[in-house]
Every structure is written in structure tokens, then in C-alpha cells.
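Each residue of the sequence shown is one higher than the last, beginning at 1 in full-length UniProt numbering.
A short write-up of the structure that comes next.
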Amino acid sequence: MSHKQGRVRSLVQATIKDENLDLYILALVAAAFTVLGVTGLSDAKTLSSVVLGLLALLALSQIKSRKVTQQIRETQGAGSRTFLRREFPADLITRRANASDILLAGRTMSRTVQGMRHDLPPILKNGGRVRIVVLDPTNESLMATANRQISHSLGAEHLRQRIHAILDDLTNMRDRVGGRLEIRVVSSIPSAGFNCLEPAKPNGIVCVQHYEFEPDGEASPILALTRDDDPWYSHFLAEAERLWHAGSDWPPAVQPQAVP
1 MSHKQGRVRS LVQATIKDEN LDLYILALVA AAFTVLGVTG LSDAKTLSSV VLGLLALLAL
61 SQIKSRKVTQ QIRETQGAGS RTFLRREFPA DLITRRANAS DILLAGRTMS RTVQGMRHDL
121 PPILKNGGRV RIVVLDPTNE SLMATANRQI SHSLGAEHLR QRIHAILDDL TNMRDRVGGR
181 LEIRVVSSIP SAGFNCLEPA KPNGIVCVQH YEFEPDGEAS PILALTRDDD PWYSHFLAEA
241 ERLWHAGSDW PPAVQPQAVP
């Protein structure tokens, strides 16, 4: 086969597969019979039949176009419902209890940690890894700033005590149960709270809760992302990991006293 024949064959195949082939045929037939009608080479009866056929073809093309448009709208709508939520996924607590690799990051994580009080020991005893990062309660200016962002706040001192209580519970659990429970504190306020479950596995999930300013109820939106939602799954997981790496181990290392 010559180069010219190959190009012709490729052009024919591309034309046949083109989604607008019906419109091309419609335009060519309409142009041809327009010429035939103007020159008198075709009678009125034939032209009327062709016009009706062209209208039918045009109607079919419009139906196909509307179906494609509807599919696009449904896909976009489904994506918005999957990404943006007002509540956490219904199975988040169950998935968290059965996970073997967990990264939790946020301001206090008090509700999450209290909800996992009975789930953490089995996870740790079975060799699971749990990482938790919260605000540094020893940083007074940080507590004051964070307190101003929380709705119905009871004061910076109450926030500090709340975080200290969570940290004490976690350290006591680690001493009692053992296992890979790692705790860190950060000196900057995160933009969101993170629940990262099995992040390195195919069935991983990353839940992100936007820290809304003085919300009336649950802060939103909440994003529930899986690997199918990349690049956003990797994007928010990377942010949670950066928060973790920016933190300092808790409790702070005891500085040796200078010998007089």
C-alpha cells in the first residue's frame, strides 16, 4: 500500500468514527438536493421526500445531543454530591475502627479521640499505626488565636485544658496498651481537620472538614475522597502529612538540668 493510499484509508476511518458523521451526511445531502432543485433536475415530489428525511435525521441528531448533555449534567451533579457533604460519611466510624493505618489532624480532635476510646486499644494491639496531631496547648498566643475562630467558645484557657485532657488520655493509653500510637502538636492552626484511613492502600479514604468561621452547626463542607478522586485525594493527604511532619512529639522531651 502506497503512502497516499494509507492516508486516504486513515481519513476514511477517521470520518466513519467521527461523532458528527450524521451531521456531515445531512449537510452534503441538503446541499446536493438544493442544487438539484435549483437546476430543475429533481421534481417537487422527490425534494419533499428528501426534506422530510433530512428533518428526521436532524431530529435524531438533536436527541443524541440532548442525551449527551444530560449525561454530562448527571456526572457533574454526582461529582458534587460525592465531594461536598454537610456530614461525615455514615460508615466513617466503622472504617476507622477497622483501619490499621490512621492519621488524624486538627485543632483538638477531642470528639474523634473520645469516639475512638474503645477502638484504639484493639488497633494498637493488632499492630496498627495511629498518628494524631493537634494544636500545641503550651503556646498561649496560638490558643488565643484558635479560640477566636471557634463558635460558642468558652475561652482560650478552656481550649488549652481541653487539648491537654485529650493528650493526657492518649499518652496514658499508649503507656497502658503500647503499640504504635504517635502523638504530635503543631504551632500553627490547620485550615481543616483530617481523617486519613489506610492512605497507602487502594481502599484508602481521606475525609477533610473545612474549618468554617463560627458555624451554627457542623462545620462544612466535608469532603470524602478516595483514590478515584485523584488528584485531590493525593493533594489533601499530602497536606495532612505536612501537618504531621511540622509537629513536635508529645510529651515534650525533658531538658536535662544544668549542673551548678
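Here a beta-carbon is modelled for each residue, glycine too, at the ideal position from N, C-alpha and C.
All figures in this text were calculated on a predicted structure; none of them were measured in a lab.
>> Please identify the residue among 205, 121, 139 whose C-alpha is closest to the C-alpha of residue 161.
In response: 139
>> Measuring alpha carbon to alpha carbon, tell me which residue in 143, 174, 134 is nearest residue 122.
In response: 174
>> Tell me the rounded alpha-carbon separation between residue 179 and residue 100.
In response: 12 Å
>> Contact defined as beta carbons within less than 8 Å: I believe residue 233 pairs with residue 208. What is the distance between those atoms, to the nearest angstrom?
In response: In fact, because the Cβ distance is near 10 Å, the residues do not count as touching under 8 Å.
> Quick one, which of 110, 146, 113 has its alpha-carbon nearest residue 190's?
Replying inline: 146
>> Rounding to the nearest angstrom, what Cα-Cα distance links residue 227 and residue 113 in this structure?
In response: 25 Å
> Among residues of its own chain, excluding the 5 on either side of residue 156, which ones have a beta-carbon nearer than 6 Å to its beta-carbon?
Replying inline: 143, 144, 147
> When you compare each of 245, 119, 212 to residue 177 by their alpha carbons, which one comes out closest?
Replying inline: 119
>> Is it buried or exposed, residue 213, if we count other Cβ atoms within 10 angstroms and call 16 or more buried?
In response: exposed
> Excluding sequence positions up to five away, which residues of its chain have a Cβ less than 7 Å from the Cβ of residue 84?
Replying inline: 221, 223
> So, using beta-carbon positions, are residue 225 and residue 96 closer together than 7 Å?
Replying inline: no
> Taking buried to mean at least 16 other C-beta atoms within 10 Å of its own C-beta, is residue 104 buried or exposed?
Replying inline: buried
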